[in-house]
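For reference, the structure is listed below as structure tokens.
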DNA sequence: CTTGAAAGTTTACTGTTGTAGTCTAATCAA
DNA sequence: TTGATTAGACTACAACAGTAAACTTTCAAG
């Protein structure tokens with residue numbers, strides 16, 4: 033069903049990040065506190081974003097005042113990576129990796145670890 | 033100066049793709065033809081998008097009726113990859129690659145080629 | 001020159017996103 | 001039971017994005 037994965041907007045993503053940073057459902061008060069501090073958002077802004085995210089099925093109201101991420105960071109990240117590859121790397125993830133590499137985004141240590149992953153060590 | 037890289041919207045990106053697909057400046061008539069066919073856009077839509085892209089400095093009017101991409105696909109792709117990494121992979125390109133891998137986005141052949149790249153063969 | 005087509009410019013309209021006020025319903029303490 | 005606090009729902013509004021019509025300028029052909 034998640035095929036329809038509605039796009040998460042920038043502001044909404046900020047809310048998801050907070051939810052993702054906690055293994056437990058997060059109380060509204062906490063969201064308000066963190067986002068108010070980090071982004072200077074008013075109470076109603078946070079509530080509006082939560083409402084929109086619930087509408088998109090990315091967040092669920094666990095119980096009164098407790099919100100939980102339905103869409104996981106891993107899912108969304110994977111989906112975003114695929115979309116980027118499709119849009120800008122001609123559908124080739126390899127090209128994306130090559131770009132990261134030539135852009136100096138991978139340190140020597142990263143390369144070493146990735147080499148291991150690419151070979152034996154099952155990446156999952 | 034391109035530091036201010038204004039964000040390219042989805043519709044605008046379609047236009048860029050056509051420009052990127054040609055090494056030469058592209059005549060408006062051609063853009064209209066391709067985008068009219070691919071997206072069903074009216075003449076004025078294409079013109080509006082071109083104007084907005086010119087405003088963002090991503091496209092230039094080479095001469096009457098001839099448009100040229102100023103922002104290159106490589107530049108924009110690189111920038112987008114960095115942004116994705118920053119937003120969803122904790123700033124670690126390595127994590128993005130690991131995600132692609134565990135998501136099965138890299139074929140055996142891709143992995144072989146990347147291994148070569150990661151080692152000796154300069155990725156540029 | 002005049003005119004007509006193509007290019008360029010202005011204006012427009014709807015839906016979405018960022019941000020937030022307000023009103024109502026639920027809850028908790030006294 | 002009532003009053004205060006908090007959560008949820010509804011409304012708002014400007015900026016931007018997607019889409020396009022209408023108007024104006026330019027240029028080449030006749």
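Residue numbers (the working numbering), protein chains in the order written: chain A, 33 to 156; chain B, 33 to 156. C-beta atoms are modelled at their ideal positions from N, C-alpha and C, and glycine is treated no differently.
Along the alpha helix (DSSP H) that carries residue i, what are the first and last residues, could you check?
i	result
residue 149 of chain B	140-150
residue 49 of chain A	42-52
residue 79 of chain A	75-87
For residue i, does the three-state DSSP call read helix, strand or coil?
i	result
residue 64 of chain A	helix
residue 92 of chain A	strand
residue 156 of chain B	At residue 156 of chain B the pLDDT is 40, less than 50, meaning the model places this residue with poor confidence; the figure from the coordinates comes in the next sentence. Residue state, collapsed to three classes: coil.
Counting C-beta neighbours from all protein chains within 10 Å, is the total for residue i 16 or more, i.e. buried, or is it exposed?
i	result
residue 126 of chain A	buried
residue 44 of chain B	buried
residue 35 of chain B	Its pLDDT being 45, under 50, residue 35 of chain B is placed unreliably by the model, and the measurement read from it follows with that caveat. Exposed, because fewer than 16 other Cβ atoms sit within 10 Å of the Cβ of residue 35 of chain B.
residue 41 of chain A	exposed
residue 46 of chain A	buried
residue 56 of chain A	exposed
residue 24 of chain B	With chain B represented from 33 up to 156, any question about residue 24 of chain B goes unanswered, as that position is not in the structure.
residue 113 of chain B	buried
Starting from residue i, follow its DSSP beta bridges and name the residues at the other end.
i	result
residue 59 of chain A	A/98
query: Taking the runs of the beta strand (DSSP E) that are 3 residues or longer, which of them lie wholly in the stretch 94-138 of chain B?
result: 98-101
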